[in-house]
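Counting from 1, position 89 in the sequence shown corresponds to residue 88 in the numbering used here; the numbering is continuous, with no gaps.
Just so it is clear, CB atoms sit at the ideal spot from N, CA and C, and this is done for glycine as well.
Remarks on the structure that follows.
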Amino acid sequence: MHGEDGPEDAPSVLYNAMIHPLLQMATKGAVWWQGEANWLNPQGYSCRFPALIRSWRKAFAGARAMPFIFVILEGFEANNFAPVRLFSFLAARRPPRPPRPH
């Protein structure tokens with residue numbers, strides 16, 4: 000699967016380059032800044048954000064309750080980011096799943 004701009008933007012490439020190197024660090028929380036590249040597909044956030052939170056909490060050792068802060072897009076005259084804000088808000092409000100026994 001390729002990203003929107005090319006293979007260097009594929010999710011696995013981005014994760015391996017930007018997140019995986021941080022996994023051994025002590026982590027107190029995460030801040031997610033929503034970019035503007037995929038604002039035309041806001042419905043995907045209702046499943047992507049909870050999956051992201053679950054996967055990062057699992058990946059960062061001892062961070063099962065790691066807080067996530069979402070920085071959402073502001074409104075611009077040319078773009079309607081309201082749907083992105085709505086789906087981001089709804090995803091952030093979903094209660095986390097309890098940890099499953101290993």
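Which of helix, strand or coil does DSSP assign to residue i?
i	result
A91	helix
Q42	helix
R84	helix
F48	helix
G2	Because the pLDDT of G2 is 48, which lies under 50, any placement of that residue in the model is unreliable, and the number read from its coordinates should be weighed accordingly. Here G2 sits in coil by DSSP.
L22	coil
A58	helix
Going by beta-carbon coordinates alone, are residue i and residue j separated by less than 8 Å?
i	j	result
F86	S45	yes
I68	V30	yes
A91	F48	yes
For residue i, report the span of its alpha helix (DSSP H) as first-last.
i	result
F69	Here F69 belongs to no alpha helix (DSSP H); instead the beta strand (DSSP E) covers 67 to 70.
A64	From DSSP, A64 is part of no alpha helix (DSSP H); its letter is neither H nor E.
N15	10 to 17
Just to confirm the assignment, what range does the beta strand (DSSP E) spanning residue i have?
i	result
A29	29 to 32
Closest to residue i by C-alpha separation, out of the options, would be which residue?
i	options	result
L39	V83, A58, M17	V83
A64	M17, T26, I18	T26
P66	G43, I52, G28, P10	G28
K57	I18, Q42, E73	I18
Y14	Q33, L51, Q42, L89	L51
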